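Data first, discussion second: the structure below is written as structure tokens.
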Amino acid sequence: MKFTKATNYALHTMLMLVEGSPVKPVGVQQLAESQGVSPTYLSKILTRLVKAGMIESISGANGGYRLTRKKDEITLLDIIHAIEGTASLFECNFVHGDECLIQAAMKEAEEKMERYLKNTKLVDLAQKKTLV
Numbered sequence: 863m864k865f866t867k868a869t870n871y872a873l874h875t876m877l878m879l880v881e882g883s884p885v886k887p888v889g890v891q892q893l894a895e896s897q898g899v900s901p902t903y904l905s906k907i908l909t910r911l912v913k914a915g916m917i918e919s920i921s922g923a924n925g926g927y928r929l930t931r932k933k934d935e936i937t938l939l940d941i942i943h944a945i946e947g948t949a950s951l952f953e954c955n956f957v958h959g960d961e962c963l964i965q966a967a968m969k970e971a972e973e974k975m976e977r978y979l980k981n982t983k984l985v986d987l988a989q990k991k992t993l994v
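Numbers 863 to 994, taken from our numbering, label the letters of the sequence shown in order.
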């Protein structure tokens, strides 16, 4: 199982925003440079996070991005769903009875992973980072 690079950048960007000031926005250039990615590419990812209601875009000379949700409410699953969507990772293409046993097993595994990601808050990772 592999998430896209966009998800990787989104998770790291959100971690930076959680660690930053709740009031002062962070510019896309600074966010992009910290991850070694183009600002144009990161802007597309940030747009998805804005649409998901996790961050907002502030215009102007001192503009940038900042959180719109409380830090302790943002989970890894929220960010992953904003970038990857909510579709199942595995879809059975074969017809063999009422239910595909492989699909059922994959769905159960996916549900366990989603529960873990839903219970993992970004602010907890930020706190672990400061302890290291």
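C-beta atoms are modelled at their ideal positions from N, C-alpha and C, and glycine is treated no differently.
The model shown is predicted, which means the values in this text are computed figures rather than measured ones.
Check: My guess is that Leu-996 and Leu-984 are in contact by the Cβ rule of under 8 Å, so how many angstroms apart are they, rounded?
Finding: This structure leaves residue 996 out entirely; the chain is present only between 863 and 994.
Checklist line | Residue range of the alpha helix (DSSP H) that includes Asp-961 | finding: Within the sequence shown, the letter at position 99 stands for residue 961. Residue identity check: residue 961 is Glu in the sequence provided, not Asp. Where Glu-961 is concerned, there is no enclosing alpha helix (DSSP H), given that its DSSP letter is neither H nor E.
Check: Going by the CB atoms, is the gap between Ile-917 and Leu-929 shorter than 8 Å?
Finding: Counting from one through the sequence shown, the residue named residue 929 turns up at place 67. Counting from one through the sequence shown, the residue named residue 917 turns up at place 55. Going by C-beta atoms, Leu-929 is nearer than 8 Å to Ile-917.
Check: Would you call the segment 863-874 and the segment 888-904 touching, i.e. three or more CB-CB distances under 8 Å?
Finding: yes
Check: What do you reckon, are the CB atoms on Leu-908 and Val-890 nearer than 8 Å?
Finding: As a position in the sequence shown, residue 908 is number 46, starting the count at 1. As a position in the sequence shown, residue 890 is number 28, starting the count at 1. In this structure, Val-890 lies closer than 8 Å to Leu-908 by Cβ.
Next item on the list: May I ask you to verify whether the segment 965-979 touches the segment 944-951, counting CB pairs closer than 8 Å and requiring at least 3?
Entry: yes
Next item on the list: Report the residue from Val-912, Gly-922, Lys-933, Lys-913 whose alpha carbon sits nearest the alpha carbon of Glu-881.
Entry: What you label residue 881 is simply residue 19 of the sequence shown in a count that begins at 1. For the residues Val-912, Gly-922, Lys-933, Lys-913, the minimum Cα distance to Glu-881 belongs to Lys-933.
Next item on the list: Could you tell me which residues DSSP pairs with Glu-918 in its beta bridges?
Entry: In the sequence shown, counting from the first residue as 1, residue 918 sits at position 56. Paired residues: Arg-928.
Item checked: Reduced DSSP category for Thr-982 - H, G, I as helix; E, B as strand; rest coil -> Within the sequence shown, numbered from 1, the residue matching residue 982 stands at position 120. It is coil, neither helix nor strand.
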